[in-house]
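Participant: Quick note on the numbering used here: the sequence shown kicks off at 1230 and runs consecutively.
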Amino acid sequence: MMTSLQACGKYHVTVTPVTPSGAEGTALEDTIETELGAPGPPVDVVVGLITKTTIEIMWNDPDINPLCVKDYAITYGAITTRVGRSAPRAEEDYDNRATISPLDACTNYSIEVVSVGEGGLSSAPVTKYAATDDTVPQPVPYIEVDPASEDSIVVHWGKDENDRCAASYIICWTDGIHPQDYCVNVSDSSSGYTITDLLPCTTYQVTVTVASSSGLDSVVVGNSTATYDVAPEPVNNLQVIESHTNELTVTFELPEVNKQCVETYDLQVTDLDQSGLMASRATDFIETFITGLEACTNYLIELRLLSPTGKASAWREVRNKTQDGIPSSPREFGLNGVTKDSISLEWFQPEINKRCASEYIITWEASDGTRGGPQNVIDPTEFKVIYTVTGLKECTDYTFSLVAKSSVGQSNPTEFTYTTLCS
């Protein structure tokens, strides 16, 4: 009996008789075949070259019953279990190799190799796992950003269900104030993401990038929104830096806290000498010129800051007085009453710089050349003034001259002529 033969083998057998003395007789030859047997599993099965759409498998013939191998069967399928990536193997000599294609990119596969013999006999499978290479992921279909509070934004985005290369999502945001991008890597898109620790009253540009497991990035998709606003802090260092006859120049500093919440401001100017309020709104946050004011007048200036939705800071105030100016001529200078030795005069305050008139000065000249005055009227605050010039001659024409005087000069004179009564 011959042993150590392999199944499925075809052997050429030569039998030579030998005498006890060692002499050989005529040899007989024959060919015999061993019975069929199940081939052993392939050995040294390894994963070779991998691309986006192919996986190469290499292996050697089985150690058990290699002659029984008629063919090799390869089955494969996508699996959800993540497969680690190994470095490409060096080119070696293998008995067999096969390239599986076409496959999907970014997909984990289970691959089984089986030795197949005659009569349907086959070996146990040898299983290997491999993942195809990545391609650039598809961008998200949409991105929605909504403010959640004054310091947070909620981000939601769509997912391409057919894109197997989407391993994670890179969310980035910038506030347009600081030259810096802030980013976070998120693996789950189902619940969105809330960005916190943001500035109020600030517009944020938010982007979502799809990343593959190997670091390939999709096209960036972005959207923007603003956090809810809050009331600004009050201004600092409110002061009047210049005072003119009809204008005050006001400066101030924006607050350091939440100054981005300042969109505009309310400026109120109150005439303290007449209890009048003049309201205006300005747009220059550095210097404000308040014009159209009365000269020689005390003013209260109040200022507050407003957010985009109208939330207001506390008021800050400063007081100042406009400079002295030369008044215009008194108005409607004329007669109030007359006797033989007196003429009563009346007039109204000047139209321009009326509050600067500290006194009125009256002079006169009779028709005979006699001059009189000056008479100082030192209570110029009344809107209408009545003053009587006495000690005049009867039946005499008098020409009166009236000026309004301030600390910096006097108006042009206005004149009026009238005659005292006769006996």
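Backbone N, C-alpha and C define an ideal beta-carbon position, used for all residues, glycine too.
Quick caveat, the model's predicted, so the values are computed rather than measured.
Which of the three DSSP states is assigned to V1477 in this structure?
Facilitator: In the sequence as presented, Val is not what sits at residue 1477; that position holds Leu. Judged by DSSP in its simplified three-state form, L1477 adopts strand.
Participant: Any idea if Q1489 is buried or exposed, counting beta-carbon neighbours within 10 angstroms, 16 or more meaning buried?
Facilitator: buried
Participant: State whether the region 1518 to 1531 contacts the region 1543 to 1553, with contact taken as three or more CB pairs (one from each stretch) at a distance under 8 Å.
Facilitator: yes
Participant: What does I1399 pair with, by DSSP beta-bridge criteria?
Facilitator: N1414 and T1438
Participant: Using CA atoms only, rank isn't needed, just tell me which of Q1497, N1337 and R1533 is closest to E1482.
Facilitator: R1533
Participant: So, at 7 Å on beta carbons, what are the nonlocal neighbours of C1401 in its own chain, with the 5 sequence-adjacent residues on each side left out?
Facilitator: D1410, Y1411, C1412 and T1436
Participant: Looking only at its own chain, which residues have a Cβ that is under 6 Å from the Cβ of V1374, when we skip the five neighbours before and after it?
Facilitator: I1382, V1384, V1435, N1452 and T1454
Participant: Where S1415 and T1423 are concerned, what is the direct C-alpha to C-alpha distance, given to the nearest angstrom?
Facilitator: Per the sequence presented here, residue 1415 reads as Val, with Ser not at that position. Using only the alpha carbons, I get a separation of about 11 Å.
Participant: Could you give the residue range of the beta strand (DSSP E) that holds D1300?
Facilitator: V1298 to I1308
Participant: From what residue to what residue does the beta strand (DSSP E) around P1484 run?
Facilitator: It is not in any beta strand (DSSP E) - P1484 carries neither H nor E in the DSSP assignment.
Participant: Short of 6 Å in beta carbon distance, which residues of its chain neighbour V1486, apart from the five on each side in sequence? Order them along the chain.
Facilitator: Taking V1486 as the centre and dropping the five residues before and after it, the same chain places the C-beta of E1462 closer than 6 Å to its C-beta, in chain order.
Participant: If we ignore side chains and look at the alpha-carbon of each, how far apart do G1266 and E1321 end up?
Facilitator: 30 Å
Participant: Taking 9 Å as the threshold (C-beta atoms), are L1650 and F1562 in contact?
Facilitator: Going by C-beta atoms, F1562 is not nearer than 9 Å to L1650.
Participant: For T1526, write down the residues that DSSP places opposite it in a beta bridge.
Facilitator: Looking at the DSSP assignment, T1526 forms no beta bridge with any residue, so it has no partner.
Participant: Buried or exposed: which applies to N1448, given that a residue is buried once 16 or more other Cβ atoms fall within 10 Å of its Cβ?
Facilitator: The question names Asn, but residue 1448 in the sequence shown is Val. For V1448, the number of other beta carbons within 10 angstroms of its own is below 16, and it is reported as exposed.
Participant: Which residues in the same chain have their Cβ closer than 8 Å to the Cβ of G1566, if we skip the five residues on either side of it in sequence?
Facilitator: These residues qualify, in order along the chain: I1572, S1573 and T1617.
Participant: Looking at the ligand SAM, does it come within less than 8 Å of V1614, judged from the CB to the closest heavy atom?
Facilitator: No copy of the ligand SAM appears in this structure; indeed no ligand is present at all.
Participant: Cα separation between V1274 and A1360?
Facilitator: 16 Å
Participant: Would you report the Cα separation of V1439 and V1369, rounded to the nearest angstrom?
Facilitator: So the two alpha carbons sit approximately 7 Å from each other.
Participant: So, are the CB atoms of S1636 and I1607 less than 9 Å apart?
Facilitator: no
Participant: Return the residue from the list E1285, V1365 and E1575 that minimises the CA-CA distance to Y1647.
Facilitator: E1575
Participant: Going by the CB atoms, is the gap between S1418 and Y1433 shorter than 9 Å?
Facilitator: no
Participant: Applying the 10 Å Cβ sphere with the 16-neighbour rule, what's the burial state of I1284?
Facilitator: buried
Participant: Are the CB atoms of Q1497 and E1531 nearer to each other than 9 Å?
Facilitator: yes
Participant: For my contact list, V1459 and P1429 are in at a C-beta cut-off of 8 Å; report their separation, rounded to the angstrom.
Facilitator: In this structure, V1459 and P1429 form a Cβ contact; the two beta carbons are roughly 5 Å apart against a cut-off of 8 Å.
Participant: Between the region 1582 to 1596 and the region 1540 to 1548, are three or more C-beta pairs nearer than 8 Å?
Facilitator: no
Participant: Roughly how many angstroms separate the alpha carbons of P1249 and P1268, rounded to a whole number?
Facilitator: 42 Å
Participant: Between which two residues does the beta strand (DSSP E) carrying P1603 extend?
Facilitator: R1600 to V1606
Participant: Our contact map puts P1603 next to I1590 with C-beta atoms below 8 Å; I'd like the distance itself, whole angstroms only.
Facilitator: 5 Å
Participant: What span of residues does the beta strand (DSSP E) with T1280 cover, start to end?
Facilitator: Counting along the chain, T1280 falls outside any beta strand (DSSP E), and DSSP gives it neither H nor E.
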